[in-house]
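K.L.:
Below you'll find the structure I mean.
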Ligand code: AP5
């Protein structure tokens with residue numbers, strides 16, 4: 001099964017993609033995570049995208065498509081995948097279509113996570129995470145059990161993303177409306193778009209996604 005999770009910044013794409021990938025043994029591709037890893041490593045790619053990402057704008061299509069092209073071609077044939085944060089523009093969606101045709105694959109479903117803008121701003125402005133293992137926390141709704149210490153790995157390196165600053169969040173939401181929302185009719189007219197209420201709790205959102213995926217491809221047993 002091959003699927004895309006679509007939704008604005010903070011809608012829960014990363015949270016849900018990890019869960020679905022684990023449950024269904026899918027390869028998980030998160031372009032934001034790949035780009036942050038490139039920045040962390042100090043590579044040429046990382047140096048070229050850092051300021052763009054910090055501002056909340058999109059990295060140029062050519063850069064992202066080159067990254068994805070390599071990943072799609074290298075991925076183990078036969079295993080399914082879940083795309084989180086890609087595609088984000090119509091040009092990226094068209095490039096994905098070409099790559100999938102080239103590799104004999106196709107998209108089974110695109111799931112949109114719908115979340116109110118007020119909730120998105122609240123989620124992003126309170127978010128912090130563990131720089132060591134990536135575990136995610138929230139200042140109001142999900143503090144670690146011991147203040148300043150990651151529940152999962154014990155690290156005390158807890159950090160905020162530069163693009164979670166209020167002005168960058170405003171830019172990210174505007175960029176979503178302008179450049180990414182046109183993907184909804186793009187996939188809607190192909191009848192592979194399904195919507196999920198992303199305002200529900202994390203477990204309830206996972207259940208809605210599983211209901212959709214089971215209709216496309218039930219899990220054995
Ligand atoms: P990326 O890393 O993809 O960021 P994003 O899309 O802005 O999304 P986030 O990671 O902030 O949110 P999410 O939807 O994954 O939600 P999450 O699960 O984390 O991209 C960052 C940047 O990289 C872009 O701005 C751009 O510059 C660049 N980039 C990446 N891909 C690109 C592309 N294809 N083209 C061009 N540029 C690209 O959840 C958020 C918070 O909410 C967490 O704290 C979580 O615990 C909480 N939460 C999740 N679900 C719920 C729930 N149901 N109820 C309550 N809280 C919840």
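Residue numbers (the numbering used here): 1 to 221.
We treat Cβ as the ideally placed atom computed from N, Cα and C, and that holds for glycine.
(1) With DSSP as the reference, please indicate the residues paired to residue 84 in a beta bridge.
(2) Does DSSP classify residue 191 as helix, strand or coil?
(3) Bridge partners of residue 205, per DSSP?
(4) At a threshold of 6 angstroms, does residue 98 count as lining the ligand AP5 (C-beta to nearest heavy atom)?
(5) In whole angstroms, give me the CA-to-CA distance for residue 53 and residue 125.
(6) Expressed to the nearest angstrom, what Euclidean distance is found between the alpha-carbon atoms of residue 190 and residue 13?
(7) Quick one: does the C-beta of residue 136 sit closer than 6 angstroms to a heavy atom of the ligand AP5?
(8) Is residue 95 closer than 7 angstroms to residue 72 when the C-beta atoms are compared?
(9) Considering only the alpha carbon of each residue, which of 8, 4, 2 lies closest to residue 178?
(10) Quick check: the Cα distance between residue 206 and residue 50, rounded to an integer number of angstroms?
(11) Thinking just about the alpha-carbon of each residue, which of 46, 90, 198 is nearest to the one in residue 175?
(12) How should residue 166 be labelled, buried or exposed, when 16 other C-beta atoms within 10 angstroms of its C-beta is the threshold for buried?
(13) Using a Cβ-based criterion (distance less than 6 angstroms to any ligand heavy atom), does residue 35 qualify as near the ligand AP5?
(14) Cβ-heavy atom distance between residue 58 and the ligand AP5 below 6 angstroms?
(15) Who are the near neighbours of residue 80 in its chain, counting only those whose CB is closer than 6 angstroms to its CB and skipping five residues on each side?
(16) My parser needs the beta strand (DSSP E) runs of 3 or more residues fully inside the stretch 28 to 69; what are they?
(17) Do residue 216 and residue 109 have their beta-carbon atoms positioned less than 7 angstroms apart in this structure?
(18) Under 6 angstroms: does the beta carbon of residue 11 sit that close to some heavy atom of the ligand AP5?
(19) For residue 46, verify whether its CB is less than 6 angstroms away from any heavy atom of the ligand AP5.
(20) With distance defined between alpha-carbon atoms, name the residue in 105, 115, 62 nearest to residue 6.
(21) Which same chain residues end up closer than 7 angstroms to residue 105 when comparing Cβ atoms and leaving out the 5 residues on each side of it in sequence?
P.N.:
Let me spell this out:
(1) 5, 30
(2) coil
(3) Its beta-bridge partners do not exist; DSSP assigns none.
(4) no
(5) 16 angstroms
(6) 22 angstroms
(7) yes
(8) no
(9) 8
(10) 32 angstroms
(11) 90
(12) exposed
(13) yes
(14) yes
(15) 1, 2, 26
(16) none
(17) yes
(18) yes
(19) no
(20) 115
(21) 2
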